[in-house]
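Counting from 1, one number per residue, gives the positions in the sequence shown under the UniProt record's numbering. The beta carbon of each residue, even a glycine, is placed where N, CA and C say it ideally should be. None of these values were measured; they are calculated from a predicted model. Comments concern the structure below.
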Amino acid sequence: MFGLSELAIILLVVIAVLCAKKLPELTRSAGKSARILKAEARAMKDEDDPAEPRVIQGETVNPDDPKPQGTQQHPQ
1 MFGLSELAII LLVVIAVLCA KKLPELTRSA GKSARILKAE ARAMKDEDDP AEPRVIQGET
61 VNPDDPKPQG TQQHPQ
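Spelled out as structure tokens, the structure:
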């Protein structure tokens, strides 16, 4: 009667017809997820390659300054 591939195609068509309103949102989410996954894979690859130094944003602390800017001292 029907094989597995025919049933899969019929199932996809039924899902597309029933979920036509949500389909653009789902494809947009899938695209965002794919971009995030690609960026994370690239970051892991770059992490394994220590040829380039990494720059980490932070604040410079002067050792002569008792209280660095941007921090608060908590009363004890």
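For residue i, the three-state DSSP class (helix, strand or coil)
i           : result
glycine 31  : helix
alanine 20  : coil
residue 145 : Outside the displayed range of the chain (1 to 76) lies residue 145, so it cannot be described from this structure.
C-alpha distance - residue i paired with residue j, whole-angstrom precision
i               : j             : result
leucine 12      : alanine 43    : 35 Å
phenylalanine 2 : valine 14     : 16 Å
glutamine 57    : arginine 28   : 31 Å
serine 5        : valine 17     : 19 Å
aspartate 46    : isoleucine 36 : 15 Å
leucine 23      : alanine 41    : 27 Å
serine 33       : leucine 26    : 11 Å
alanine 30      : lysine 38     : 12 Å
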